[in-house]
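2 protein chains.
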Amino acid sequence: MKNNSYHIFFNNLANPLKIEIIGSLKKTSKSVKELVKELNVEQSKVSHALSALKKCNIVNVIQDGKKRIYSLNKNTIVPMLKLIDRHSKMHCDCKCCTMKDCKGKK
Amino acid sequence: MKNNSYHIFFNNLANPLKIEIIGSLKKTSKSVKELVKELNVEQSKVSHALSALKKCNIVNVIQDGKKRIYSLNKNTIVPMLKLIDRHSKMHCDCKCCTMKDCKGKK
DNA sequence: TTTTCATATGAATTATGATTCATATAGCTT
DNA sequence: AAGCTATATGAATCATAATTCATATGAAAA
């Protein structure tokens, strides 16, 4: 990845579905179908999302018969999400989110 | 920031201009006008970008007469960009970018 | 060797974020 | 006060990413 293409990587994290997929794969590797069932989303949506995540090596994939098992490359993502959690604990109550249950001053 | 609003934070990093601003402020705090001159972009573009960055506490601002001096909140961002640099060194040559000079297999 | 199951892919549409441009605000200077 | 400077803001447009849907591929089962 070149200097000014950070945004291509981060674009993967700037998306709720992809974040959900990452969250799910953090626990255990899964097939596409398992993700589809767990997250209750359209299969092609999941496939498209996984494809983008794979382009940036955020996930890896191995084939198992007709299934493809996706796993999270935790090296980068896990510490990155930890950074954000810390950031939000310090700073956010919560100007940077749009959640309904947010008590922060907008 | 709540669990599933990571993407609002990351959206700030999924954008070349905002990344440029962050890069510039990493060195030294600057007024809007200084950023405008240095990055050679439209003033309102910079203001809009700064406003989004501020919502997530990625930057801080203080007023100095009619100027507003923006500074980078380095705690989260700097280690985060380091993570990516490491990630890209390990994994990217470079499937996750669209740069013309990229020698990676697409 | 056809059918079924798991997944991927592409094109069309839709949604979302970025840009632009005109204007507003608010501090300074005179 | 009037005018200038620095910055912000909002609405309209434009660009990009996400979604949908129909279909393709390819492995296994029958």
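Those protein sequence lines, which keep their order, are chains A and B. Counting in my numbering, the first sequence tops out at residue 1511, every number present. Counting in my numbering, the second sequence tops out at residue 1511, every number present. Here a beta-carbon is modelled for each residue, glycine too, at the ideal position from N, C-alpha and C.
By alpha-carbon positions, which one of the options ends up nearest to residue i?
i, options, result
"Lys-1487 of chain A", "A:Lys-1431, A:Lys-1423, A:Ile-1413 and A:Asn-1445", "A:Lys-1431"
"Glu-1425 of chain B", "A:Ser-1410, A:Val-1441 and A:Gly-1428", "A:Ser-1410"
"Thr-1481 of chain A", "B:Asp-1490, B:Ile-1474 and B:Val-1483", "B:Asp-1490"
"Asn-1417 of chain A", "A:Ile-1474, A:His-1453 and A:Ile-1467", "A:His-1453"
"Val-1446 of chain B", "B:Lys-1460, B:Lys-1423, B:Val-1483 and B:Met-1485", "B:Lys-1423"
"His-1496 of chain B", "A:Leu-1458, A:Ser-1449 and A:Leu-1444", "A:Leu-1458"
List, in order along the chain, the chain B residues whose C-beta lies closer than 8 Å to that of residue i?
i, result
"Asn-1445 of chain A", "Simply none; closest approach about 14 Å."
"His-1492 of chain A", "Met-1406, Phe-1414, Asn-1462, Asn-1480 and Thr-1481"
Quick one: list the residues of chain B neighbouring residue i, beta-carbon separation under 9 Å, in chain order.
i, result
"Ile-1489 of chain A", "Met-1406, Tyr-1411, Phe-1414, Phe-1415, Thr-1481 and Met-1485"
Using a Cβ cut-off of 7 Å, pull out every chain A residue sitting near residue i, in sequence order please.
i, result
"Ala-1419 of chain B", "His-1412, Phe-1415, Asn-1416 and Ala-1419"
"His-1496 of chain B", "Asn-1462"
Given residue i, which residues of its chain have a CB within under 8 Å of its CB, disregarding the five upstream and five downstream residues?
i, result
"Asp-1469 of chain A", "Ser-1436"
"Asn-1462 of chain A", "Asn-1478"
"Arg-1473 of chain A", "Ser-1436, Val-1437, Val-1466 and Ile-1467"
"Gln-1448 of chain A", "Val-1437, Lys-1438 and Val-1441"
CB-CB under 7 Å to residue i, same chain, minus the five flanking residues each way: which ones, in chain order?
i, result
"Leu-1440 of chain A", "Ile-1426, Ser-1429 and Val-1451"
"Asn-1408 of chain B", "For Asn-1408 of chain B, the pLDDT reaches just 45, beneath the cut-off of 50, and the residue's location in the model is therefore unreliable, although a value from the coordinates is still provided. Contacts found: none."
"Asn-1420 of chain A", "none"
"Ser-1476 of chain B", "Leu-1430, Ser-1434, Val-1464 and Asn-1465"
"Glu-1443 of chain A", "Ser-1429"
Which residues in the same chain as residue i place their Cβ atom closer than 6 Å to its Cβ, once the five residues preceding and following it in sequence are excluded?
i, result
"Ser-1493 of chain A", "none"
Which residues in chain B sit within 7 Å of residue i, going by Cβ to Cβ distance?
i, result
"Ile-1426 of chain A", "None at all; the shortest Cβ gap to chain B is about 12 Å."
Residue range of the beta strand (DSSP E) that residue i falls in?
i, result
"Val-1466 of chain B", "1464 to 1469"
Please report the residue range of the alpha helix (DSSP H) in which residue i lies.
i, result
"Asn-1416 of chain B", "1411 to 1416"
Q: Can you check the stretch 1430 to 1494 of chain B for any alpha helix (DSSP H) of at least 4 residues that lies completely inside it and give the ranges in chain order?
A: 1437 to 1444 and 1448 to 1460
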